[in-house]
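Peer 1: Per the working numbering, residue 742 is the first one in the sequence shown, and the count goes up by one each step.
What follows is a structure written as structure tokens; I'll ask about it next.
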Amino acid sequence: MKIKKILDSAETGSDVLVKGWVRTKRESKNAVFIALNDGSTLTNLQIVASPESFSEKIIQQVTTGASLKVEGQLTESPGSGQVKEVAARKIEILGPADPEKYPLQPKRHSLEFLREIAHLRPRTNTFGAIFRVRHAMAFAIHKFFHEKGFLYLNSPIITGSDAEGAGEIFRVTTLDLNNVPKREDGEIDLSMEFFEKETNLTVSGQLEGELAALAVSEIYTFGPTFRAENSNTTRHLAEFWMIEPEMAFYDNQDNMDLAEEMLKYIVGYALEHCPEDLKFLNDREQQEEKSKPQNERNELTLLDRLQFVIDHDFERITYTEAIDILRNSKPNKKKKFQFLIDKWGADLQSEHERYLVEKYFKKPVIIYDYPKEIKAFYMRQNDDNKTVAAMDVLFPGIGEIVGGSQREERLDKLTGRMEEMNIPKDDLWWYLETRKYGTVEHSGYGLGFERMIQFVTGMGNIRDVIPFPRTPGNCEF
Ligand code: 4AD
Ligand code: MG
742 MKIKKILDSA ETGSDVLVKG WVRTKRESKN AVFIALNDGS TLTNLQIVAS PESFSEKIIQ
802 QVTTGASLKV EGQLTESPGS GQVKEVAARK IEILGPADPE KYPLQPKRHS LEFLREIAHL
862 RPRTNTFGAI FRVRHAMAFA IHKFFHEKGF LYLNSPIITG SDAEGAGEIF RVTTLDLNNV
922 PKREDGEIDL SMEFFEKETN LTVSGQLEGE LAALAVSEIY TFGPTFRAEN SNTTRHLAEF
982 WMIEPEMAFY DNQDNMDLAE EMLKYIVGYA LEHCPEDLKF LNDREQQEEK SKPQNERNEL
1042 TLLDRLQFVI DHDFERITYT EAIDILRNSK PNKKKKFQFL IDKWGADLQS EHERYLVEKY
1102 FKKPVIIYDY PKEIKAFYMR QNDDNKTVAA MDVLFPGIGE IVGGSQREER LDKLTGRMEE
1162 MNIPKDDLWW YLETRKYGTV EHSGYGLGFE RMIQFVTGMG NIRDVIPFPR TPGNCEF
């Protein structure tokens, strides 16, 4: 039986069989107390073994990290700290863990150290909690879209296009890099490639998502995304997961409404379904805050921040309004921003986004209608000839969590922009055909799954919310 089930619903007096990993062992004169965990819940199950009933060899092998199979009777616990415990009748050591060598001793380890042992960190309370919350959030996202009638679309992982046009792509090749076949003119002979063309890992499923939305109206993707951007920040991964809904007949207002509704829904789902893990993460953050300087501490606790997002409308402002606020802001005037805002057209950095969210509005903010120069070719051009119908959702502590737009559905406008931005039209002939045949107004956005998990768990570094992070110079495990 899973420990969660035992603790939630098993009757005292009943016989149970549990398997799990030892967190701690405590020995007193009359009893050995074992804290066992199987990952189904944060709470350990207390196993009580009387020393007379078990050989010394068995008791010695019960050490932190060892795996056990335990049979016994579930009883009411006389001790404080737990309601039920198991009086062990049989203990089998499934896999011992040499206590001298086991890297995860029962003490507080730094997150940096735990990243170096990412193969074992799921066995800690913190990572168990994070991964259970991550699971619940993934489930909530599927549930949200399923209930709205969206189809889950699997967009390809290997593609021939760079959807964002940003060039931060991982090449996929089967060629022998020590002996690359060349043509007579010295260029790589792409006919020798597996796909007989240049291919890479996807940076976004959006373009394929649009093809499907222009047939079945509403879809979403939820898959891995790869970007070779060399940014070693607490918000960037080389491999992350993105949720990309795409909706026919939606304008950018509808797009923003959907994003806000979805974000509130999944935060609410986590609060409802992960109370124990979120309480643990909340308290963990409270502990950490104590060692931070006053001005870097969160004004609200994690749980209060989550509730706040659900209870308040997101602020919606245009890029132009955002620039006015930033230009006149204290950190800009006092030259505290690393990138000072002086004119319209400047790209917003995370310091600006966080100022707007955390200092100015003190709530999530959606910025829309950005200058076309700083956004992708596919975004719908506004009548002012300067801006596009883009929208970014900014969250406290995170900055940009969602990026999206209404799409340019007019063929001439789209190809015009592609030419200006040097996006090869031939490669995207299939994308352009949707604008020739039955084109319609449509919109979509991308939610960075790990940034969402960061917000919900309060974890400061994105490397700690994905089981096995990939970042520049790091592809272990
Ligand atoms: O703003 P981005 O680049 O938008 C797109 O990819 C669009 N095709 C989405 C769409 O309209 N369908 O990325 C969307 C989100 C960002 O807001 C951010 O949350 C996340 O993806 N993201 C990353 N997360 C982790 N590591 C990275 N390197 C990320 N790059 C983007
Ligand atoms: Mg973006």
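Quick reminder that beta carbons are idealized off the backbone N, C-alpha and C, glycines included.
Sorted by chain position, which residues of the same chain lie with C-beta nearer than 7 Å to F935's C-beta, five sequence neighbours on each side aside?
Peer 2: T915
Peer 1: Look up M1120 in the DSSP assignment and say whether it is helix, strand or coil.
Peer 2: strand
Peer 1: Can you check which of these residues, Y1006, L955 and N1023, is closest to H1183 by C-alpha distance?
Peer 2: L955
Peer 1: Return yes when the Cβ of H977 is within less than 8 Å of the Cβ of I1194, no when it is not.
Peer 2: no
Peer 1: So, for T966: in the same chain, excluding its five sequence neighbours on each side, which residues have a beta-carbon less than 7 Å away from its beta-carbon?
Peer 2: T943, V944, S945, F981, W982 and M983
Peer 1: Beta-carbon separation of Q802 and I775 under 8 Å?
Peer 2: no
Peer 1: Relative to the C-alpha of K766, which candidate in I1082, K746, K745 and S808 has its C-alpha closest?
Peer 2: S808
Peer 1: Pick helix, strand or coil for W1085, following the three-state DSSP scheme.
Peer 2: coil
Peer 1: What first and last residue would you give for the beta strand (DSSP E) that runs through E812?
Peer 2: Start and end: S808 to E817.
Peer 1: If we ignore side chains and look at the alpha-carbon of each, how far apart do Q702 and T805 end up?
Peer 2: The structure shown does not extend to residue 702, since the chain is modelled only from 742 through 1218, so no value can be given for it.
Peer 1: Just tell me which of R1025, E853, R864 and A772 has its CA closest to the CA of P819.
Peer 2: A772
Peer 1: Measuring alpha carbon to alpha carbon, tell me which of R1057, R1068 and K798 ends up nearest K1104.
Peer 2: R1057
Peer 1: In this structure, does DSSP put D1065 in helix, strand or coil?
Peer 2: helix
Peer 1: Just checking my contact of V1143 with Y1096 at CB under 8 Å: how many whole Å lie between their CB atoms?
Peer 2: In fact, because the Cβ distance is near 19 Å, the residues do not count as touching under 8 Å.
Peer 1: Below 8 Å, how does it come out for the region 869-884 and the region 1007-1014: are there three or more Cβ pairs, yes or no?
Peer 2: yes
Peer 1: Can you grab the Cα-Cα spacing for the pair V921 / N895, in whole Å?
Peer 2: Rounded to whole angstroms, V921 and N895 show a C-alpha spacing of 32 Å.
Peer 1: What separation, rounded to the nearest whole angstrom, lies between the Cα atoms of F872 and I1115?
Peer 2: 35 Å
Peer 1: Consider the C-beta atom of D1110 and the heavy atoms of the ligand MG; say whether any pair is separated by less than 7 Å.
Peer 2: no
Peer 1: Between L893 and the rest of its own chain, which residues show a CB-CB distance below 8 Å, the 5 nearest in sequence each way excluded?
Peer 2: Correcting the residue type first, residue 893 is Tyr in the shown sequence and not Leu. Same-chain partners within the cutoff: H883, F886, H887, I960, Y961, T962 and F963.
Peer 1: Is DSSP giving S1146 helix, strand or coil here?
Peer 2: DSSP places S1146 within a strand segment (E or B) once states are collapsed to three.
Peer 1: Decide if H1053 is buried, meaning its Cβ has at least 16 other Cβ atoms within 10 Å, or exposed.
Peer 2: exposed
Peer 1: Drop a sphere of 10 angstroms on the beta-carbon of A907, count the other beta-carbons inside from all chains shown, and report buried for 16 or more, exposed for fewer.
Peer 2: exposed
Peer 1: Rounded to whole angstroms, what is the Cα-Cα separation between K1154 and E1217?
Peer 2: 45 Å
Peer 1: Residues in the same chain with beta-carbon distance under 8 Å from I858, minus the five sequence neighbours each way, listed in chain order, please.
Peer 2: P844 and L845
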